[in-house]
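Using this note's numbering, the letters of the sequence shown map in sequence onto residues 3 to 353.
Heads up, the beta-carbon is just placed ideally off N, CA and C, and yes, glycines get one too.
All values derive from a computational prediction rather than experimental measurement.
Data block below; observations after.
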Amino acid sequence: MKKSFACLALCLCLFVGVALPARAAAAPAADAIVEITDRAGLEAIAQNPDGHYRLAAHIDMGGAAWQPIPFNGIFDGDGFALYNLTIRAADPVTAVSVDGNRLPYDTQFAALFSRCVSASIQDLTLLGADVALETDQSAYAAGLVGYGENVTLTGCNVWGRVALTVGGPMCGVAGVMGFGYGSITGCTAVADLTLVDTDDTANCEEFMGAILASGYADIEDCTVKLEAWTSVHGYVHNGGVVGMYYVHTDDTGHPGYVRNNTVDATIHFFEDVASRRAYSAPVIGEQMHWVLEIANNTTLQFESDEHTDYSTPLLPESCAAPAYTEAVTAPNCTSFGHTTHTCTGCGYSYT
């Protein structure tokens, strides 16, 4: 992901100049909106997850570990960014995810917002997000939303790394949303995604997508710059946009669409299982919903790099003992500053 993160400062300059989309006409009265200007204001959302919030400043999350919280209200990023978001634990409250056979799993979720029901989130950017979860339970890790029911995500951007080391039978990793359904429009994921399945005694169900790992969100006008590494002793479902598109509720007549998206992705993976399926594709890894419009998606570049050595997990750092140097780029009036970390052994770099 060296190339994608090297252009971060340039892209931020362009992002600052982009006009915001028009607000919904039915927004609540202004006095019902809570403005947030610091991390404490974000943490207070946990006390009223059904509220209406708006960012009024960029917020440095400081690198201190964030505890994922549920959210069911309206969140307007108003073009501002949360940067240095760090997540090392899942929400202790689980939700049910399902596999392609509708088998249910009690699942942990790690993201800025762990579980969202009928939530609306718009114009929010996560810069330098660093999500790294280790668990022996079924789990999904993502940047913005872990689990979503009927969510609406518009104009949101995730720049960063999401890593999941998991021992449970169900797992997924995503840039924007882990598992669920709703609509995702005009979002961007510039991400390194890593998933390591540690249990080689059972067949794990794994899902990975830069926008959505598994579910049936309507996805339109999204941009993906992805490099991913998935090491699975089970079944792989990897897609540049969506890992598996599957209607897992009773809404089987939902028409659905994945259209007008742009993908630049490289996926390194292995699938250690006798009955191999090895789904790996630029847009949708596995399509399990046939009433679905897939149209006008553009693949700038896609590489599916499959490995057959199952003894060593695939990781961004290809050397045995990674050591990093750091180069600081100072902020200016048009872009955030950032630190570029480069491994002296293999050259892998992230910002």
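Pull up the CB-CB distance for residue i and residue j, whole angstroms please, since I reckon it's below 8 Å.
i, j, result
"PHE111", "TYR149", "5 Å"
"ASP194", "HIS235", "About 22 Å; that fails the 8 Å criterion."
"ALA113", "TRP161", "Not confirmed; about 15 Å, so no contact."
"ALA267", "LEU228", "4 Å"
Can you have a look at residue i and say buried or exposed, based on whether 16 or more other CB atoms are within 10 angstroms of its CB?
i, result
"THR203", "exposed"
"TRP292", "exposed"
"GLN49", "exposed"
"ASN334", "exposed"
"VAL226", "buried"
"ALA92", "buried"
"ALA283", "buried"
"ASN103", "exposed"
"VAL98", "exposed"
"PRO318", "buried"
So for residue i, helix, strand or coil by DSSP?
i, result
"GLY169", "coil"
"GLU45", "helix"
"ALA97", "strand"
"ALA329", "strand"
"ALA29", "Note that ALA29 has pLDDT 47, beneath the 50 cutoff, so the model's placement of it is unreliable and the number below is only indicative. ALA29 falls in the coil class under three-state DSSP."
"ALA58", "coil"
"ALA143", "strand"
"ALA215", "strand"
"ALA34", "helix"
"ARG90", "coil"
"PHE77", "strand"
"GLN110", "strand"
"HIS343", "strand"
"ASN205", "coil"
"SER120", "coil"
"PHE82", "coil"
"LEU317", "coil"
"PHE181", "strand"
"LEU105", "coil"
"PHE115", "strand"
"MET246", "strand"
Alpha carbon to alpha carbon, how far is residue i from residue j?
i, j, result
"THR232", "PRO106", "22 Å"
"ALA323", "ASP78", "42 Å"
"ASP52", "GLU305", "41 Å"
"ASP62", "ALA134", "19 Å"
"HIS343", "GLU308", "27 Å"
"LEU57", "TYR312", "45 Å"
"THR254", "THR346", "51 Å"
"GLU45", "SER277", "45 Å"
"SER140", "GLY258", "27 Å"
"TYR55", "LEU197", "32 Å"
"GLY64", "LEU87", "7 Å"
"ALA32", "ARG41", "Caution applies to ALA32, whose pLDDT of 48 falls short of 50 and renders its modelled position unreliable; the model cannot decide the point."
"LEU14", "ALA297", "Caution applies to LEU14, whose pLDDT of 40 falls short of 50 and renders its modelled position unreliable; the value that the coordinates give is listed next. Whole-angstrom Cα-Cα distance: 29 Å."
"GLU242", "PRO70", "The sequence as given places Gly at residue 242; Glu does not occur at that position. Looking at the two C-alpha atoms, the distance is approximately 25 Å."
"GLY245", "GLY211", "5 Å"
"GLU37", "GLY43", "8 Å"
"PHE338", "THR127", "12 Å"
"GLU288", "GLY145", "22 Å"
"GLU207", "GLU328", "36 Å"
"PRO72", "GLY188", "23 Å"
"LEU302", "CYS224", "13 Å"
Consider the Cβ of residue i: report whether some Cβ of chain C lies at a distance smaller than 8 Å.
i, result
"LEU114", "Judged by its chain identifiers, the structure shown contains no chain C, having just a single protein chain."
### Segments assigned beta strand (DSSP E), at least 3 residues, entirely inside the stretch 260–296
264–273, 281–283 and 286–289
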